[in-house]
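Below you'll find the structure, written out as structure tokens, and then a few comments.
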Amino acid sequence: MSENLLAVKTALLSVSDKSALIEQAKALRDFGVRLISTGGTYKALKQAGLEVEEVAEITGFGEMMDGRVKTLHPKIHGGLLANRDEGEHVAALREHGIPEIDMLIVNLYPFEQTLAGGADFATCVENIDIGGPAMIRAAAKNHKHVVVCVDNESVDEALAEMKQHAGKTSPKLRLRLAHKAFARTAQYDAAISNWLGAVVDGEAESPAKFPRTFTRQFSKALDLRYGENPHQSA
Numbered sequence: 033m034s035e036n037l038l039a040v041k042t043a044l045l046s047v048s049d050k051s052a053l054i055e056q057a058k059a060l061r062d063f064g065v066r067l068i069s070t071g072g073t074y075k076a077l078k079q080a081g082l083e084v085e086e087v088a089e090i091t092g093f094g095e096m097m098d099g100r101v102k103t104l105h106p107k108i109h110g111g112l113l114a115n116r117d118e119g120e121h122v123a124a125l126r127e128h129g130i131p132e133i134d135m136l137i138v139n140l141y142p143f144e145q146t147l148a149g150g151a152d153f154a155t156c157v158e159n160i161d162i163g164g165p166a167m168i169r170a171a172a173k174n175h176k177h178v179v180v181c182v183d184n185e186s187v188d189e190a191l192a193e194m195k196q197h198a199g200k201t202s203p204k205l206r207l208r209l210a211h212k213a214f215a216r217t218a219q220y221d222a223a224i225s226n227w228l229g230a231v232v233d234g235e236a237e238s239p240a241k242f243p244r245t246f247t248r249q250f251s252k253a254l255d256l257r258y259g260e261n262p263h264q265s266a
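Every number in this note's numbering is 32 more than the matching position in the sequence shown, counting from 1.
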């Protein structure tokens, strides 16, 4: 894969876990990155005195339906999905006033923690993130042009590389973080599916012991010398 360093000029931040938000945003501003944000993330950044634009300023639509609809808009997803090597894509961005988004920082509503805490059915449903996974998948698909960060570790990796390359990221990093992003959305959807699969055959407050479908994600810890037999990989 040839080296193709791309500058991060605009970042969209929308996070549930805000523990490292201000530090990360300040680091991005040190590189001169334009910040766009939503809801509580936007408020936290403004309160910290950071220069940030609200998503509504870009889309022309405020949050609606109790925050269920914030980023589901062509002016957000167009900026994440546009192939900047395609003239028609670039022309569409210009025609509709859509900003190119070079970095996405999103961590999802805490569905797993909400479920583990014994929350009722309605609360669990409200903690199913929609806009977050949609943006993550869009950015990860377009990793040729966008770096996507789904946790603080990913942001740290991206910032470290930006420091090394004067505000730019490499294809290798973007690909690695895209894989991590898809792994996270798969894990998130599996948790929701497993839960609903148990509720379907039980009660909302008393799900069945065994769900209709069950999905588990495993992470490789290490490579073994060989499999069951010496000629097999494991």
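Cβ coordinates follow ideal geometry from the N, Cα and C atoms, glycine included.
If you drop the 5 nearest sequence neighbours on each side, which residues of the same chain put their C-beta closer than 8 angstroms to that of residue i?
i, result
"S202", "E35, N36, L37, E193"
"L53", "L45, V47, T73, A76, L77"
"L82", "I54, A57, K58, R61, L67"
Which of the three DSSP states is assigned to residue i in this structure?
i, result
"I68", "strand"
"T42", "strand"
"V87", "helix"
"M33", "Confidence at M33 is low in this model, with a pLDDT of 42, below 50, so its placement is unreliable and no value can be given for it."
"L274", "With the chain covering 33 to 266 only, the question about residue 274 has no answer from this structure."
"A52", "coil"
"L140", "coil"
"M167", "helix"
"M135", "strand"
"K204", "helix"
"V182", "coil"
Is residue i near residue j, with beta carbons less than 8 angstroms apart?
i, j, result
"S186", "L209", "yes"
"H177", "R116", "yes"
"K160", "I224", "According to the sequence provided, residue 160 is Ile. The question's Lys does not apply to it. Their beta carbons are under 8 angstroms apart, which means I160 touches I224 by this criterion."
"L112", "A43", "no"
"K200", "A39", "yes"
Around the Cβ of residue i, are there at least 16 other Cβ atoms within 10 angstroms (buried) or fewer (exposed)?
i, result
"P262", "exposed"
"Q56", "buried"
"G94", "exposed"
"M97", "exposed"
"D255", "exposed"
"D62", "exposed"
"R134", "For the sequence presented, residue 134 should be read as Asp rather than Arg. So D134 ends up on the buried side."
"G119", "exposed"
"K252", "exposed"
Can you list, in chain order, the residues of its chain whose CB lies under 6 angstroms from that of residue i, leaving out five sequence neighbours each side?
i, result
"M33", "The predicted model places M33 with a pLDDT of 42, which falls under 50 and marks its position as unreliable; any figure quoted below should be read in that light. Around M33: P203."
"H175", "R206, L207, A210"
"E85", "I68"
Between the Cα of residue i and the Cα atoms of the options, which residue gives the shortest distance?
i, options, result
"F246", "G64, A166, K173, A222", "A222"
"P142", "R216, Y74, Q79, D255", "R216"
"S48", "V40, R61, T73", "T73"
"L136", "A114, S46, V101, G64", "S46"
"A166", "L140, G149, E132", "L140"
When every heavy atom of the ligand FMN is checked, does at least one fall within less than 7 angstroms of the C-beta of residue i?
i, result
"G110", "With respect to the ligand FMN, the structure offers nothing, as it holds no ligand at all."
Please return the same chain residues whose Cβ sits closer than 7 angstroms to the Cβ of residue i, not counting the five positions on each side in sequence.
i, result
"A59", "L191"
"R244", "G229, V232, D233"
"K212", "V182, S186"
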